[in-house]
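Engineer: Take this structure first; my questions come after.
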Ligand SMILES: O=C[C@H](O)[C@H](O)[C@H](O)COP(=O)(O)O
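Structural data, given as structure tokens:
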């Protein structure tokens with residue numbers, strides 16, 4: 031599939047989600063991170079401009095903050111000012127049949143989970159490649175796990191004990207590890223097909239040094255998947 035068609039699939043998904051979940055009554059929106067969210071912000075900005083009503087947007091990353099700031103009709107906000115959001119719209123690296131997600135492929139996950147948790151609705155937008163049945167099946171880069179730098183070897187050893195294969199994520203244009211928006215490292219850990227993502231998350235989150243995992247379980251109720259043919263498949267959690 032061409033890059034143009036893939037981008038178009040992302041855009042269709044993002045526009046469909048914003049059009050359904052951002053209504054005249056919507057005031058507070060969580061803005062996810064990644065390449066698909068760029069189109070959601072474009073649509074949010076169009077809606078805010080057309081309605082002339084304030085749309086307060088809480089970012090989930092430095093990237094999201096920049097997108098909101100660059101959009102001339104959106105109001106940049108935070109969880110102190112807006113502790114409960116109407117909706118959070120975010121991308122995903124893989125989504126299973128129950129709409130559990132793997133997130134963090136772009137290095138953002140902890141702020142994303144906090145914002146999604148503090149939203150009345152969490153809506154996923156993605157292209158068709160992310161639509162899966164079992165997590166870990168199509169996303170082969172591993173589950174992103176954000177860790178305190180001091181603890182990364184200890185956490186890696188615990189991940190091995192849990193049957194995973196941990197890899198410290200390295201930066202692209204800097205020597206050494208990737209450093210997240212929170213000053214942390216990311217370990218990508220592969221388990222192959224993950225039959226019980228909630229149980230795996232629980233095993234990981236109790237390890238000292240783990241800040242958050244990229245397993246978003248039982249959070250999304252609706253997902254929009256842009257297709258290669260320009261249509262959008264809307265799925266609800268089973
Ligand atoms: O770290 C990045 C975030 O979790 C993204 O939402 C996720 O990687 C999906 O990104 P994209 O829309 O670029 O596929």
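In the numbering used here, the protein residues as written are 31 to 268.
Where is the CB? At the ideal position from N, CA and C, for every residue including glycine.
According to DSSP, residue 124 sits in a beta bridge with which residue or residues?
Structural biologist: According to DSSP, which records beta bridges pairwise, residue 124 is partnered with 132.
Engineer: Going by the C-beta, is residue 243 closer than 7 Å to any heavy atom of ligand 1?
Structural biologist: No; taking the cut-off as 7 Å, the Cβ of residue 243 has no heavy atom of ligand 1 nearer than that.
Engineer: State the DSSP-derived secondary structure class of residue 37, mapped to helix, strand or coil.
Structural biologist: Three-state DSSP puts residue 37 in a helix.
Engineer: Identify every residue that forms a DSSP beta bridge with residue 31.
Structural biologist: Per DSSP, none; premise fails for residue 31.
Engineer: Roughly how many angstroms lie between the CA atoms of residue 219 and residue 95, to the nearest whole one?
Structural biologist: Near 28 Å, if we compare the C-alpha coordinates of residue 95 and residue 219.
Engineer: Mind checking which residues open and close the alpha helix (DSSP H) that includes residue 227?
Structural biologist: First-last of the alpha helix (DSSP H) with residue 227: 227-235.
Engineer: List the whole-angstrom C-beta distance separating residue 176 from residue 212, where the pair is believed to meet the contact cut-off of C-beta under 8 Å.
Structural biologist: 7 Å between Cβ atoms; contact.
Engineer: In the DSSP assignment, find the beta strand (DSSP E) that holds residue 176 and state where it starts and stops.
Structural biologist: 173-177 is the extent of the beta strand (DSSP E) around residue 176.
Engineer: Using the Cα positions of residue 255 and residue 122, report the straight-line distance between them to the nearest angstrom.
Structural biologist: Distance between the alpha carbons of residue 255 and residue 122: 10 Å.
Engineer: Leaving out five residues on either side along the sequence, give the residues of the same chain with a beta carbon under 6 Å from the beta carbon of residue 41.
Structural biologist: 69.
Engineer: Within the continuous beta strand (DSSP E) that includes residue 218, where are the two ends?
Structural biologist: It spans 215-220 - the beta strand (DSSP E) in which residue 218 sits, taken as one unbroken run.
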